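Trainee: Handing you a structure now.
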Amino acid sequence: MADYRAPRDDMDFVLHDVFNVTADWQKSDMLAEMMDQDTASAILDEAAKVAEQLIAPVSRQADEEGVSFNGGEVTTPAAYKENFRQLAEGGWVGVTANPDFGGMGLPKSLSAQYEEMLCSADVAFSLYPGLTSGAIMTLDLHGSDDIKQTYLEKMVQGEWTGTMCLTEPHAGTDLGIIKTKAEPQGDDSYLISGTKIFITGGEHDLVDNIVHLVLAKLPDAPAGTKGISLFVVPKFLVNDDGSVGERNAVSCGSIEHKMGIHGSATCVMNFDGARGWMVGEPNRGLAAMFTMMNYERLGVGIQGLGTAERSYQNALEYARERIQGRGAKATRDMSAAADPLLVHGDIRRMLLTMKSLTEGGRAFSTWVGQQLDRAKYGESDEVKQQADAMVALLTPVAKAFLTDTGLESTIHGQQIFGGHGYVREWGQEQLIRDTRIAQIYEGTNGIQALDLLGRKVVGSKGQLLHPFVAEIKAFVNEAATDNWNAQFNQLKQAVDELERVTGQIIERTQSDENQVNSVAVEYLHLVGYIAYAYLWLRMALVAETKQGERPYLASKIKTARFYFARILPRISSLISTIEDGSESLYLHDDEDF
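Take the sequence shown: its position 315, counting from 1, is numbered 315 in the UniProt record's numbering, and each next residue is one higher.
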């Protein structure tokens, strides 16, 4: 596998030239004090060193070693414990955490770049700090003062890690039927009993304590999701002086043997009357947990982006060095025995597809991060509400589209390697295995599509889509230039089609109960490709003004043209499928299968 190099130039370009995030930061009293462009660049430069020099070099070996389970104890790959210690000492576990508890307090638009680097370096390793970061945020927003004082500083410093315990053997997406119980003890504690599965980092040897956030039901809880409460349940109870105390009644029953992310411990966790404390209000646990899940869903999307970037770097290096066959007459070097793979049309098609999806994905993840920042730090209630609405719409797209295109890019990379991409020696197949899970966990991509179309778009009768459409239309009206006239027309037509098919879907739902289920995935991809087209035009226009001082941006302009010529036309087939509705899917009776 090629040495990983963080795409720092592109990250700075997206952050500061395209989205001008520093202007947003200066509108927030908190961010203005701590963050400017130079500080942001210095932070990302250090993050790049961590990813390139500490994490990435051991990724393949960690994948080969995996995690082991013995008598309830989980051992991670040999390098992980020391690497996690160094990560924690550098303050990287608490990059987005509240400074009151020792965190950096970075805005999400910036931390998204760090997360991408970590995922490119090693997705499996990134999950330990990633889940901890989400747990920190949930406790900070919803925990009592006592809970915050007990857990947050240790978690922010990386001395303890956090988990998210939702899924049970019989209950995955349908959390309303969970069976884990919480029995009140007459003080402020509860005894938690039940089994959770697929718990990332549920048990490991990296730190002294693991803080579980557990969904459970009170004895008198209402049925369904309205009866779920959230509890903090530590592996070890915490003494009054903050030190680790006696073992709680929580244990790891086994670990999963998985297709990928071998260095990540995926655990079955048994809670046998474990002592826990409620986070937030009774029966409001799912809402509190979604604080974590919305950020985690962008984080999972970034996993797809990170592996796609690593795949592109690997495949590009291989395509430049591997000599094989003759290219087109215009490119072949007759003085050499053969030409590099890079000159062949199909190789260029795959590389440019990867490049356009990955750089578009980086812009998209940054854009969503900026919306999260505005929702949190916006200068007015109106700005916060507008950003909240955009986050609600774009979160399922960020999770699903980034991971779907991430898998596509890792497969393209493998194809460029040919047979060498199929064997373990080159490491390319690891990227496919590692990224595949991202389409499944944190809500499968099919569930994300149902969330987008069913709950968000149809549920609001199209109102939630309006800010997205309005922003793109305003951009088309204000920024269109002769140089990009064809692409602006493409984008305008695409948005018009999005509005048309959205209205069609909403109308059909009145008489067809299967409508949303039948076209949701295609609809999500339609939104994703249009969002990328909008962002590619924004990047292209900025790149034109900056390429004199930064010649590498000429490639950005050419890639934008490739995206509109070869990638955006994919929406034609999506629209045709959406127009078919549910008819072809429901022609079969069950026995016909």
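Each residue gets a CB set at the ideal place from its N, CA and C atoms; glycine is no exception.
Just so we're clear, the structure is a prediction, and the values are computed from it rather than from any experiment.
(1) Within 10 angstroms of the Cβ of residue 10, are there 16 or more other Cβ atoms? Answer buried if so, exposed if not.
(2) I'd like to confirm the pairing. Which residues does DSSP put opposite residue 441 in its beta bridges?
(3) Give the DSSP-derived three-state secondary structure of residue 346 in the structure shown.
(4) Please report the residue range of the beta strand (DSSP E) in which residue 160 lies.
(5) What number of angstroms, rounded off, separates the C-alpha of residue 518 from the C-alpha of residue 463?
(6) Going by DSSP in three states, residue 460 sits in which element: helix, strand or coil?
(7) Measure the Cβ-Cβ separation of residue 524 and residue 396 and say whether it is below 8 Å.
(8) Would you say the beta carbon of residue 134 comes nearer than 7 Å to a heavy atom of the ligand GDP?
(9) Just reading off the alpha helix (DSSP H) that residue 573 is part of, what are its end residues?
(10) Measuring straight from C-alpha to C-alpha, what distance separates residue 156 and residue 133?
(11) Do residue 368 and residue 298 have their C-beta atoms within less than 8 Å of each other?
(12) Classify residue 173: buried if its beta carbon has 16 or more other beta carbons within 10 angstroms, exposed otherwise.
(13) Taking all protein chains shown into account, decide if residue 47 is buried (16 or more other Cβ within 10 angstroms of its Cβ) or exposed.
(14) Would residue 279 and residue 147 be called neighbours here (beta carbons separated by less than 8 Å)?
(15) Leaving out five residues before and five after residue 282 in sequence, what residues of the same chain have Cβ atoms less than 7 Å from its Cβ?
(16) In terms of DSSP beta bridges, what is residue 168 paired with?
(17) Can you list, in chain order, the residues of its chain with a C-beta nearer than 6 Å to that of residue 379? Leave out the 5 residues immediately preceding and following it.
(18) In the DSSP assignment, the alpha helix (DSSP H) including residue 210 goes from what residue to what residue?
(19) Measure the C-alpha to C-alpha separation of residue 480 and residue 493 and round it to an integer number of angstroms.
(20) Report the rounded CA-to-CA distance for residue 527 versus residue 408, giving the unit in angstroms.
(21) At which residue ranges does the stretch 184-261 contain complete beta strand (DSSP E) runs of 3 or more residues, listed in the order of the chain?
(22) Please report how far the alpha carbon of residue 431 lies from the alpha carbon of residue 307, in whole angstroms.
(23) State the DSSP-derived secondary structure class of residue 274, mapped to helix, strand or coil.
(24) Under 8 Å: do the stretch 104-117 and the stretch 39-58 share three or more Cβ pairs, one atom per stretch?
(25) Pull the bridge partners of residue 269 from the DSSP assignment, please.
(26) On the three-state DSSP scale, how would you describe residue 474?
(27) To which residues of the same chain is residue 387 closer than 7 Å at the C-beta, ignoring the five residues directly before and after it?
Mentor: On the basis of the coordinates in this document:
(1) buried
(2) According to DSSP, which records beta bridges pairwise, residue 441 is partnered with nothing at all.
(3) Assigned with DSSP and collapsed to three states, residue 346 falls in helix.
(4) 160-165
(5) 21 Å
(6) coil
(7) Contact: yes.
(8) Looking for the ligand GDP in the displayed structure turns up nothing, as the structure carries no ligands at all.
(9) 571-580
(10) 8 Å
(11) yes
(12) exposed
(13) buried
(14) yes
(15) 218, 229
(16) DSSP lists 171 as partners of residue 168.
(17) 27
(18) Looking at the DSSP string, residue 210 is not in any alpha helix (DSSP H); the run it does join, the beta strand (DSSP E), is 209-216.
(19) So the two alpha carbons sit approximately 14 Å from each other.
(20) One alpha carbon belongs to residue 527, the other to residue 408, and they sit about 17 Å apart.
(21) 189-200, 209-216, 229-234, 236-238, 244-247, 250-255
(22) 6 Å
(23) strand
(24) The stretch 104-117 is in contact with the stretch 39-58.
(25) Residue 269 is bridged to 196, 252.
(26) In the three-state scheme derived from DSSP, where H, G and I count as helix and E and B as strand, residue 474 is classed as helix.
(27) The beta carbon of residue 387 is closer than 7 Å to those of 371, 374, 375, 378 in its chain, skipping five residues each way along the sequence.
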